[in-house]
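These protein sequence lines map, in sequence, to chains A and B. Each residue of the first sequence is one higher than the one before, starting from 91 at the first, in our numbering. Each residue of the second sequence is one higher than the one before, starting from 866 at the first, in our numbering. Beta carbons are placed, not taken as given, at the ideal position from N, Cα and C, and that holds for glycine. Comments concern the structure below.
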Amino acid sequence: MGEAAEKLTASDPFQMAEVSVETQLAVERFLHRQAEILDEKVWDDWLALFTGDGHYWMPAREDQTDGEGMPNIFWENRNMMQMRINRNNHPQAHSQAPNNRLCHVVSNVIIEDEAPNGDIIVRSRFHCAEYLRYEVRNFTGKYRHVLNKSDNSYQIQLQRVDLVNREGPYEYVLQWWL
Amino acid sequence: MTWTDSDIAALVEPDRAHRKAYVDPDLFDLEMERIFERAWVYIGHESQVENPGDYYLARVGRQPMMMTRDHNGEIHVLYNRCPHRGAQLCSARQGNAGKRIRCSYHAWMFNLDGSLDSIPAIDGYDGTALKIDGEDFQVQKAERATNYRGFWFASLAEDGISLEDHLGEARAGFDQLIDRAPGGETEVVGECFHMIQQSNWKIFLENQLDASHPGATHESTGVAAMMVERDIREAGEAPPMSYGFLSDFARLGIDGWGKFGTVGHPNGHCTLEGYMGLRPDDPDTNEYVKCMYDAYGEDRAEEILGVNLHHSLIYPCMSIQPPLQQLRTIRPLGPDRTLSEIWHFRLKDAPEAIYQRALGYYYLVNSPSTMVNADDLFNWWKVQHGLESQGGDWVSFHRNAGFDVIDGDLRKSPDGSMSEMPMRHMMHVWRDYMTANGEGA
Chain A
91 MGEAAEKLTA SDPFQMAEVS VETQLAVERF LHRQAEILDE KVWDDWLALF
141 TGDGHYWMPA REDQTDGEGM PNIFWENRNM MQMRINRNNH PQAHSQAPNN
191 RLCHVVSNVI IEDEAPNGDI IVRSRFHCAE YLRYEVRNFT GKYRHVLNKS
241 DNSYQIQLQR VDLVNREGPY EYVLQWWL
Chain B
866 MTWTDSDIAA LVEPDRAHRK AYVDPDLFDL EMERIFERAW VYIGHESQVE
916 NPGDYYLARV GRQPMMMTRD HNGEIHVLYN RCPHRGAQLC SARQGNAGKR
966 IRCSYHAWMF NLDGSLDSIP AIDGYDGTAL KIDGEDFQVQ KAERATNYRG
1016 FWFASLAEDG ISLEDHLGEA RAGFDQLIDR APGGETEVVG ECFHMIQQSN
1066 WKIFLENQLD ASHPGATHES TGVAAMMVER DIREAGEAPP MSYGFLSDFA
1116 RLGIDGWGKF GTVGHPNGHC TLEGYMGLRP DDPDTNEYVK CMYDAYGEDR
1166 AEEILGVNLH HSLIYPCMSI QPPLQQLRTI RPLGPDRTLS EIWHFRLKDA
1216 PEAIYQRALG YYYLVNSPST MVNADDLFNW WKVQHGLESQ GGDWVSFHRN
1266 AGFDVIDGDL RKSPDGSMSE MPMRHMMHVW RDYMTANGEG A
């Protein structure tokens, strides 16, 4: 199991850490900025949100404790993210043209754990509307982020995304991260 | 409209098919009656119902079915319908019913083989025609159900060709899926992805052996993967082997796929010969080959590994890719809606890296975030959209038409071609199923 997945598994998913207002605000700002980066498709900034070994993870089942070595809806390191960016920006990515429009709202931000070095585990809820070819589709679920403190902000070591309808069936293919 | 046999036969010509075969709702009902509710349709692998009391739902044509395992370990395929008032018995996609299946409506209790166990307050039936062992009061069984090496099928026709005869040589897809395991067994990985294709079921089957589409449809993904492989190499590292599944789309180009031969088999099945590194020369594969030698001896292992098969399409319902340890089955929901189930397998006693490679393919090509199938699904929807229009009546399958190579009861594409033989072959078999009172080809 990866180090970040271990941290997430060890953390109590109902815990509410006592944190300063400044920490709460800084974490919320980080999550809001990530949502904005997705909505505005600022891909250089997106990659910079993640640590070198960071993963974006959408498990296929609720009871999964790791993304490695088992089926997932998303399990992407920075190489895979770069591939997705290359692909969706390619002129022949016909199923993605014209590209979608996304609108995220992130809320219910609860910091689960703050380590002495400032690393954070935080859970939140999201709602995302996607507009593609005259249709709006809605996605909603839970985020859990493992954040490493870096300089004045954070970097994502692991982002777990539990979609409420994870078992499908899928009438669509998710081409961007939610 | 009412379709006569001659109306239907006129929809299929030697090198083209009429658009109505893909869009007409009455024809769709006839397809369900004459193909899916008669032919052998895949239900699932025995390991999906591993324990007594387990059930797993499946759809055969328009019929809601379930596969169950009884407390003697026997597997059954039943209609998911209570014989009392008709309520669905099991509602979750899968589960364990315990000792008995209890109908939620009036608590009639059934054994896992479908037989009626008990009815509450049964004295109310004294003096009535209800008999606890009467045929009308049991959960109905599929007319026929059997398995090929653990892969279960049902046919809702009382009589007909046996499963083994139906599969014929195309059963090599299953053999390969099992024999390639050093432990002689394949285990289904519990997670199945379900995708709804907004297109006719035949469009999916036609795409499976369509050699001229990958380089065109998947160009953007191929190029994107190649760029990342280059970046990784420039950083002095080796890209994961699974990325090659994608970069091949760009590497082979549009016309590079003709080297993989296709074969049409009796009853509509088709096979595609190997590509995608069936036997690459890398340490993981070499370790795997050694495991195979140890398990089977060199001769038998070479015989298994030497089978040149990438893809086995079992008409009308599934596609098996043994080297990628993957199986897809389709359940038509309407003329323009098809549910697909995508399963993958672990080869018993094979090195973990071999599973990781199959998992890489499963993720990159068939997960709900796949960049590959995204473009397929969109093409299929666009085809459906076009065929619903009056902008033309015919679907062209002219590539290399008239040049099939006949070899006994097999029909092969000419060497080096990207022939549309598989599509022509399947439509001819479709016509036979649809016009021979459902007797099949």
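- The shortest CA-to-CA distance from GLY1038/B to any of GLU1052/B, HIS1134/B and GLY999/B is the one to HIS1134/B.
- The three-state reading of DSSP puts MET170/A in helix, counting H, G and I together.
- Not a single C-beta of chain A is nearer than 8 Å to the C-beta of VAL925/B.
- SER1261/B is not a Cβ neighbour of THR1127/B, given a cutoff of 8 Å.
- Straight through space, the alpha carbons of LYS964/B and ASN976/B are spaced by roughly 7 Å.
- Between ASN189/A and ASN178/A, the gap from beta carbon to beta carbon is short of 8 Å.
- With respect to chain B, the C-beta atom of LEU264/A has a partner C-beta closer than 8 Å.
- Within the model, the alpha-carbon separation for ASP1201/B versus TRP1245/B is close to 10 Å.
- For TYR1158/B, the CB contacts under 7 Å within the same chain, skipping 5 residues up- and downstream, are ALA1166 in chain order.
- Each residue's CA atom was taken as its position, placing HIS1263/B and TRP1122/B some 17 Å apart.
- Scanning the segment 1030-1094 of chain B from its first residue to its last, the whole beta strand (DSSP E) runs of 3-plus residues come out as 1051-1053 and 1058-1062.
- Contact residues of the segment 126-158 of chain A toward chain B are ALA150 and ARG151 (C-beta to C-beta distance below 7 Å).
- Neighbours of ALA219/A in chain B, taken as residues at a C-beta separation under 7 Å, are lacking, since the least C-beta distance is about 18 Å.
- Within 10 angstroms of the beta-carbon of TYR1108/B lie 16 or more other beta-carbons, which makes it buried.
- Within its own chain, the residues whose Cβ lies closer than 8 Å to the Cβ of GLU902/B, once the five positions on either side in sequence are excluded, are VAL925, GLY926, ARG927, GLN928, LEU1021 and ALA1022, listed in chain order.
- Three or more beta-carbon pairs drawn from the segment 181-197 of chain A and the segment 216-229 of chain A are found closer than 8 Å, and the two stretches are therefore classed as touching.
- Taking a Cβ-Cβ cut-off of 8 Å, the neighbours of ILE1061/B in chain A comprise PRO259, TYR260 and GLU261, given in sequence order.
- HIS1209/B has GLN1191/B as its beta-bridge partners, per DSSP.
- Within 9 Å of the CB of ILE1097/B, the CB atoms of chain A belong to ASN169, in sequence order along the chain.
- DSSP places PRO1148/B in the helix class (H, G or I) of the three-state scheme.
- Listed in chain order, the beta strand (DSSP E) runs fully inside the segment 1197-1247 of chain B are 1202-1212, counting runs of at least 3 residues.
- If you ignore the 5 residues before and after TYR1013/B, its C-beta comes within less than 8 Å of the C-beta of LEU1028, GLU1029, LEU1032, ARG1036 and PHE1039, all in its own chain and listed in chain order.
- Residues are counted here when their Cβ sits less than 8 Å from a Cβ of chain B; for the segment 226-257 of chain A these are GLU257, given in chain order.
- Residue-level contact by beta carbon fails for ASN916/B and chain A, as no gap is shorter than 8 Å.
- Annotation: SER101/A has no Cβ neighbours in chain B at a cutoff of 8 Å; minimum Cβ distance is about 24 Å.
- Using a CB distance cut-off of 8 Å, PRO1181/B does not count as an interface residue toward chain A.
- The C-beta of THR1051/B comes no closer than 8 Å to any C-beta of chain A.
- Taking a cut-off of 8 Å for Cβ pairs, the segment 209-216 of chain A and the segment 226-236 of chain A touch, as three or more such pairs fall below it.
- Interface annotation for the segment 1227-1241 of chain B against chain A: TYR1227, TYR1228, SER1232, PRO1233, SER1234, THR1235, MET1236, ASN1238, ALA1239 and ASP1240, criterion Cβ-Cβ distance under 7 Å.
- Non-local beta-carbon contacts of GLU204/A in its own chain, meaning distances under 7 Å to residues more than five positions away in sequence, involve ALA107, VAL109, THR113 and ILE210 in chain order.
- Rounded to whole angstroms, the separation of the alpha carbons of PRO948/B and TYR921/B is 19 Å.
- For the set GLY92/A, ALA95/A, ASP102/A and PHE120/A, the Cα lying nearest the Cα of ASN242/A is the one of PHE120/A.
- Apart from sequence neighbours up to five positions away, the residues of its chain that approach MET1091/B with a beta-carbon distance below 6 Å are SER1112 and ALA1115, ordered along the chain.
- For TRP133/A, the enclosing alpha helix (DSSP H) covers residues 133-138.
- Within chain B, the residues placing a beta-carbon under 8 Å from that of PRO161/A are VAL1054, GLU1056, PHE1058, HIS1209, LEU1224, TYR1227, TYR1228 and SER1232, ordered along the chain.
- For LYS239/A, the enclosing beta strand (DSSP E) begins and ends at 225-240.
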